[in-house]
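Novice: Take a look at the following structure, please.
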């Protein structure tokens with residue numbers, strides 16, 4: 001069992017909101033993540049909802065502002081929030097310390113390009129190492145996982161969900177970057193982490209994955225129509241078209257007046273958790 | 001109508017979470033506060049719940065972590081969160097910049113002692129100036145107000161509620177300082193703001209107010225039993241005894257395992273809002 005350091009634990013909504021630190025073999029640094037575990041009978045295992053965060057965030061943003069605990073407690077869902085990049089001494093950052101690349105902007109890929117290849121292995125971290133760690137250390141039923149995310153984390157949730165459709169029983173996103181290959185945030189990140197060969201990008205672009213045959217049972221997306229990033233970076237219409245073409249049932253809800261913030265996310269968090277719970281339900285023991 | 005600057009407005013849970021700034025005549029500086037206004041029909045007025053924050057906090061803590069919006073939206077309650085002290089150039093602070101006196105620690109009194117008397121008029125600000133401003137600028141039914149708070153803000157809510165029992169239709173608190181005259185936090189603050197004459201403290205001590213004849217219809221208090229400040233600073237038993245003596249129905253819930261944080265507050269926020277709504281209800285139009 002890998003060593004896990006408890007940073008903090010607070011009782012909340014009858015469960016335990018924890019923050020934990022561990023040395024990650026995948027990224028080569030210490031990593032911090034949060035886990036909410038509802039009250040449960042000794043030995044009982046609960047399904048796990050993964051939440052991937054957006055640019056500039058750590059585990060803390062959704063942990064503090066996500067308003068997920070009340071319903072996770074009611075539905076019996078473990079909620080895990082990883083960080084968005086490796087951090088700490090020696091980890092490369094964007095040359096200009098921009099918010100959209102490097103620290104806080106790992107884009108959920110395994111970098112192949114120097115100097116980022118040394119630590120930016122967020123794909124392996126989030127889809128492999130951290131699930132193993134969670135399975136070992138929490139009352140988590142790893143046969144019942146689902147995944148959601150926001151913005152860059154919506155991109156991560158969609159690509160992880162499309163890549164492992166058997167593992168993640170539900171996939172949803174808040175204002176996701178649906179086509180990183182086609183928008184400035186994604187082009188900068190994928191070039192920096194994966195290089196110029198755009199064929200290598202296709203595994204990390206939800207639209208390209210769908211074009212290349214990836215399928216999931218269905219997808220829920222909420223998107224504010226007052227989101228400053230909607231037209232240039234998010235382009236949900238591309239996901240609508242790809243899902244139509246592929247026959248993937250997509251529920252895309254354009255939410256009038258909502259922006260890109262946690263005020264938006266928290267407004268629809270309960271809907272997403274219900275969506276996840278329904279799809280995890282058939283295996284709830 | 002007093003001038004109000006909009007710092008930010010975000011749509012959330014169908015309503016508007018705003019942050020506003022204004023020049024306060026009471027404290028002599030600019031002050032920032034937050035207001036959540038649920039969706040409502042044009043011209044409709046809603047009851048107002050006041051939330052007074054604890055030491056070190058600004059409006060932002062409860063605004064981000066309080067988990068009040070979903071239920072305020074459902075119940076049609078405006079939720080107002082003021083700052084905890086004057087701030088800005090020239091405002092006096094604790095000599096050692098301690099967290100429990102001066103900035104972020106106004107204790108909801110009108111200071112009479114130099115140098116604090118110049119700006120620390122938080123009692124007038126919170127019970128007079130800001131209500132006037134809210135009544136003028138928001139769809140607020142000022143005949144239906146209620147008040148709650150946390151820790152130092154629980155003290156503020158209890159003393160305001162006891163002082164103006166006709167104005168505040170409900171009074172509740174999370175881990176309140178019930179007897180500032182009898183505990184270190186309160187003794188430091190009341191001495192610093194009001195001076196050594198402890199008779200002047202009695203208007204700002206819930207226990208003393210009750211002893212001196214103040215009455216409210218009932219009080220709800222939630223208190224974590226794993227709260228680090230419970231034994232030395234909070235002493236809820238003193239409120240139990242004073243309420244018993246005075247015949248004030250007190251619902252004090254000792255919550256096992258809960259601490260002093262917003263993880264605790266957010267767990268029971270819905271119960272408090274329901275309590276307030278029931279007591280505001282009979283006048284809901």
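Protein chains in written order, with the UniProt record's numbering: chain A, 1 to 285; chain B, 1 to 285.
Idealized CB from N, CA, C, for every residue including glycine.
Give me the Cβ distance between residue 226(B) and residue 258(B), rounded to the nearest whole Å; I'm assuming they're in contact under 8 Å.
Specialist: 6 Å
Novice: Please compile the residues from chain A whose C-beta is within a distance smaller than 8 Å of the C-beta of residue 20(B).
Specialist: In chain order: nothing, as chain A lies at least about 15 Å away.
Novice: Scan the region 42-67 of chain B for residues whose Cβ lies nearer than 9 Å to a Cβ of chain A and list them as they occur along the chain.
Specialist: 64, 65 and 67
Novice: Just to confirm my understanding: we take residue 279(B), look at its own chain, exclude 5 residues before and 5 after, and list those with CB closer than 6 Å. What are they?
Specialist: 169 and 170
Novice: For residue 84(B), which of helix, strand or coil comes out of DSSP?
Specialist: coil
Novice: Enumerate, from N- to C-terminal direction, the unbroken beta strand (DSSP E) stretches of 3 or more residues contained entirely within the region 18-52 of chain A.
Specialist: 30-37 and 46-52
Novice: Can the beta-carbon of residue 48(B) be found closer than 8 Å to that of residue 142(B)?
Specialist: yes
Novice: Between the Cα of residue 18(B) and those of 270(B), 9(B) and 198(B), spot the shortest distance and give me the residue it belongs to.
Specialist: 9(B)
Novice: Can you tell me whether residue 285(A) is buried or exposed, with buried defined as 16 or more other CB within 10 angstroms of its CB?
Specialist: Summary for residue 285(A): the model assigns pLDDT 42, below 50, so the residue's position carries little reliability, and this model does not support an answer.
Novice: Is the separation between the beta-carbon of residue 68(B) and that of residue 273(B) shorter than 8 Å?
Specialist: yes
Novice: Might you give, ordered along the chain, the residues of its own chain that have their beta carbon closer than 7 Å to the beta carbon of residue 283(B), omitting 5 neighbours on each side?
Specialist: Note on residue 283(B): pLDDT 45, under 50, position unreliable in the model; no value is reported.
Novice: I'd like to know if residue 284(B) contacts chain A, where contact means its C-beta is closer than 8 Å to some C-beta of that chain.
Specialist: The predicted position of residue 284(B) is uncertain, since its pLDDT is 46 and thus under 50; a value taken from the coordinates is nonetheless stated next. No, because no Cβ of chain A sits closer than 8 Å to the Cβ of residue 284(B).
Novice: Just to check my reading of the structure: residue 150(B) and residue 267(B) have Cβ atoms closer than 8 Å, yes? What is that Cβ distance to the nearest angstrom?
Specialist: That pair is no contact at about 12 Å.
Novice: Could you tell me if the beta carbon of residue 239(A) falls within a distance shorter than 7 Å of some heavy atom in the ligand NAP?
Specialist: What this structure holds is no ligand at all, so the ligand NAP is not there to describe.
Novice: Residue 32(B) and residue 45(B) - do their beta-carbons sit closer together than 8 Å?
Specialist: no
Novice: DSSP puts residue 172(A) in a beta bridge; with which residues?
Specialist: BP columns for residue 172(A) point to 148(A) and 220(A).
Novice: Could one say the Cβ of residue 175(A) lies closer than 8 Å to chain B's Cβ atoms, at least one of them?
Specialist: Not closer than 8 Å to any Cβ of chain B, the Cβ of residue 175(A) fails to qualify, so no.
Novice: Considering residue 7(A), what are the terminal residues of the beta strand (DSSP E) in which it resides?
Specialist: 5-12
Novice: What runs of the beta strand (DSSP E), each 3 residues or longer, lie entirely inside the region 46-132 of chain A?
Specialist: 46-52 and 78-81
Novice: Taking Cβ positions only, does residue 90(B) come closer than 8 Å to chain A?
Specialist: no
Novice: If I measure Cβ to Cβ from residue 135(B) and keep anything under 7 Å in the same chain, skipping five residues before and after, which residues do I get?
Specialist: 142
Novice: Is the region 161-181 of chain A in contact with the region 71-89 of chain A, if contact means three or more CB pairs nearer than 8 Å?
Specialist: no
Novice: Taking 8 Å as the threshold (beta carbon to beta carbon), is residue 13(B) in contact with chain A?
Specialist: yes
Novice: Pull up the DSSP beta-bridge partners for residue 274(A), would you.
Specialist: Beta-bridge pairing links residue 274(A) to no other residue.
Novice: In the DSSP assignment, find the alpha helix (DSSP H) that holds residue 191(A) and state where it starts and stops.
Specialist: Its alpha helix (DSSP H) spans residues 184-194.
Novice: Please classify residue 71(A) as buried or exposed, where buried requires at least 16 other C-beta atoms within 10 Å of its C-beta.
Specialist: buried
Novice: So, for residue 192(A): in the same chain, excluding its five sequence neighbours on each side, which residues have a beta-carbon less than 6 Å away from its beta-carbon?
Specialist: 101
Novice: Count the C-beta pairs between the region 237-248 of chain B and the region 196-203 of chain B that are closer than 8 Å, then say yes if the count reaches three, no if not.
Specialist: no
Novice: For the candidate residues 59(A), 215(A), 64(A) and 73(A), whose alpha-carbon lies nearest to that of residue 86(A)?
Specialist: 59(A)
Novice: Helix or strand or just coil, what does DSSP make of residue 161(A)?
Specialist: helix
Novice: What is the DSSP secondary structure of residue 16(A), counted as helix, strand or coil?
Specialist: strand
Novice: If residue 195(A) and residue 63(A) are in contact, beta carbons under 8 Å, what's the gap, nearest whole angstrom?
Specialist: Cβ-Cβ separation between residue 195(A) and residue 63(A): approximately 34 Å, too far for a contact (criterion under 8 Å).
Novice: Taking only the alpha-carbon atoms, compute the straight-line gap between residue 73(B) and residue 25(A) and give it to the nearest angstrom.
Specialist: 45 Å
Novice: Residue 148(A) and residue 51(A) look like a contact to me (Cβ under 8 Å); what is the Cβ gap, rounded to whole Å?
Specialist: 6 Å
Novice: What does residue 70(A) touch in chain C if you count any residue whose Cβ is under 9 Å from its own?
Specialist: Going by chain labels, chain C is absent from the structure shown, which instead holds the protein chains A and B.
Novice: Look at the Cβ atom of residue 105(A), then the Cβ atom of residue 152(A), and state whether they are nearer than 8 Å.
Specialist: yes
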